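Novice: Take a look at this one; I'll ask things after.
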Amino acid sequence: MPRVQRSADVTWEGNVARGSGAITGATGAFAGLPYSLASRIEKTDGKTSPEELLAGAHAACFAMSLAGELAGAGSPVEHLDVHATVTLDQVEDGSHRIVASELLARARVKEMDAETFQRLATTASQGCPFSKLIEASGTVTVNATLEGDTDGD
Amino acid sequence: MATDRTANVTWNGDLMSGSGRIDTVTSGAFGSLDVDWKARSEDGQTKTSPEELIAAAHAACFSMALSNGLGQAGHAPEELKSSATVTFQPGEGITKIALQVTGKVPGMSDDDFRQAAETAKENCPVSKALASVPEISLDARLQS
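Residue numbers (this note's numbering), protein chains in the order written: chain A, 44 to 196; chain B, 273 to 416.
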């Protein structure tokens with residue numbers, strides 16, 4: 044399959060503490076999204092941040108990967124909800140690090156037992172390029188449940 | 273203090289013919305962005321993809337780190353224009369990220385600007401998280 048390229052542009056004005064930037068994706072799907080240091084590490088004030096964009100990337104990447112695994116196992120997902128939470132934290136040397144990305148997934152799949160589903164969810168995270176990457180910096184956890192499953196068994 | 277940012281995605285159907293949506297994010301800054309495999313793996317698309325979001329995150333993080341470094345050197349930028357291009361090889365993963373920046377920074381030499389940009393590339397949290405990408409390139413220049 045041919046390689047694909049995706050680009051985004053950012054304009055930043057001023058210093059880090061009081062300046063601000065705007066983020067635009069080359070597809071045009073989002074444009075001029077404002078962000079600042081305050082929106083990144085304090086209250087969002089309706090503005091995005093690099094970590095929020097990564098959370099979006101990770102949730103979308105994992106959702107596609109899990110949809111692929113389930114279809115490959117003969118049980119295409121009917122409906123899948125994925126939440127990704129990316130955590131930025133200050134580490135010992137005072138710098139900031141992305142220390143974790145936590146995936147929560149809830150799926151409606153016909154005729155699949157919980158054990159098989161768990162195995163496919165783990166495989167899906169390993170197969171999502173972004174999960175592999177973020178492990179250079181932080182931990183990736185996957186908590187996946189089937190709709191209608193009780194007590195997680 | 274740790275900061276959490278969450279995104280919620282819904283997906284229906286299989287990978288090849290199904291489709292998904294980034295419904296909501298913590299800040300509310302963007303939402304209801306459609307995603308699907310075709311838009312992710314073919315050119316000429318108008319929908320976003322994980323790789324475009326990673327490009328956006330990296331360019332944003334790099335810009336902020338560079339403004340910090342320049343400010344500490346006494347040369348807060350008037351303006352930085354950055355871009356990140358993520359190369360995705362389906363089946364293999366992200367093989368390259370190309371960072372590009374043009375700066376309007378009064379009183380700074382080209383060499384010092386390139387050095388500051390290199391430091392920002394090495395140290396911004398998203399670069400650290402993407403450290404296992406085989407190649408991250410940088411093209412930094414001052415606006416003439």
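Every residue, glycine too, gets a C-beta built ideally from N, C-alpha and C.
On a predicted model such as this, the values are computed, not experimentally measured, just so you know.
1) So, for residue 362 of chain B: in the same chain, excluding its five sequence neighbours on each side, which residues have a beta-carbon less than 6 Å away from its beta-carbon?
2) Assign residue 416 of chain B to one of two classes, buried (16 or more other C-beta atoms within 10 Å of its C-beta) or exposed (fewer than that).
3) If you compare alpha carbons, which of B:343, B:348, B:321 and B:375 is closest to residue 294 of chain B?
4) Taking the alpha-carbon of residue 297 of chain B as reference, which of B:277, B:364 and B:283 has the nearest alpha-carbon?
5) Who are residue 283 of chain B's beta bridge partners in DSSP?
6) For residue 291 of chain B, which residues from the same chain have a beta carbon less than 6 Å from its beta carbon, with the 5 sequence-adjacent residues on both sides left out?
7) Checking the sheet assignment: what are the DSSP bridge partners for residue 141 of chain A?
8) At a CB-CB cut-off below 7 Å, which residues of chain B make contact with residue 136 of chain A?
9) Below 6 Å CB to CB, which residues in the same chain sit around residue 142 of chain A once its five sequence neighbours on both sides are set aside?
10) In its own chain, which residues sit with a C-beta less than 7 Å from the C-beta of residue 196 of chain A, not counting the 5 before and 5 after it?
11) If residue 139 of chain A and residue 397 of chain B are in contact, beta carbons under 8 Å, what's the gap, nearest whole angstrom?
12) Checking contacts by CB at 8 Å: is residue 58 of chain A closer than that to chain B?
13) Determine, for residue 310 of chain B, whether the minimum Cβ-Cβ distance to residues of chain A falls below 8 Å.
14) Excluding sequence positions up to five away, which residues of its chain have a Cβ less than 7 Å from the Cβ of residue 59 of chain A?
15) So what does DSSP say about residue 47 of chain A, is it helix, strand or coil?
16) State whether the region 96-108 of chain A contacts the region 317-332 of chain B, with contact taken as three or more CB pairs (one from each stretch) at a distance under 8 Å.
17) Where does the unbroken beta strand (DSSP E) through residue 77 of chain A begin, and where does it stop?
18) To which residues of the same chain is residue 335 of chain B closer than 7 Å at the C-beta, ignoring the five residues directly before and after it?
19) For the alpha helix (DSSP H) that contains residue 365 of chain B, what are its first and last residues?
Specialist: Looking at the atomic coordinates:
1) So the qualifying residues of the chain are 313.
2) The C-beta of residue 416 of chain B has fewer than 16 other C-beta atoms within 10 Å across all chains shown, which makes the residue exposed.
3) For residue 294 of chain B, the closest C-alpha among the options B:343, B:348, B:321 and B:375 is that of B:321.
4) Of the listed residues, the one whose Cα sits closest to residue 297 of chain B is B:277.
5) DSSP, once it has assigned bridges, lists A:123 and B:292 as partnering residue 283 of chain B.
6) The beta carbon of residue 291 of chain B lies closer than 6 Å to those of 308 in the same chain, with the five residues before and after it left out.
7) According to DSSP, which records beta bridges pairwise, residue 141 of chain A is partnered with A:131.
8) Near residue 136 of chain A there are no residues of chain B at all, since even the closest Cβ is about 11 Å away, more than 7 Å.
9) So the qualifying residues of the chain are 130, 132 and 181.
10) Any reading at residue 196 of chain A must be qualified, since the residue scores a pLDDT of 44, below 50, and its modelled position is unreliable; no value is offered.
11) Confirmed, about 5 Å.
12) At a cut-off of 8 Å between C-beta atoms, residue 58 of chain A counts as an interface residue with respect to chain B.
13) For residue 310 of chain B, the nearest beta carbon of chain A is not closer than 8 Å to its own beta carbon.
14) Excluding sequence neighbours, residue 59 of chain A sits near 80.
15) Residue 47 of chain A: strand per DSSP, three-state reduction.
16) Result yes; three or more Cβ-Cβ pairs closer than 8 Å.
17) In the DSSP assignment, residue 77 of chain A falls within the unbroken beta strand (DSSP E) covering 76-78.
18) Apart from the 5 residues on each side of it in sequence, residue 335 of chain B sits with its Cβ closer than 7 Å to the Cβ of 352 and 354 in its chain, given in chain order.
19) For residue 365 of chain B, there is no enclosing alpha helix (DSSP H); the enclosing beta strand (DSSP E) covers residues 365-376.
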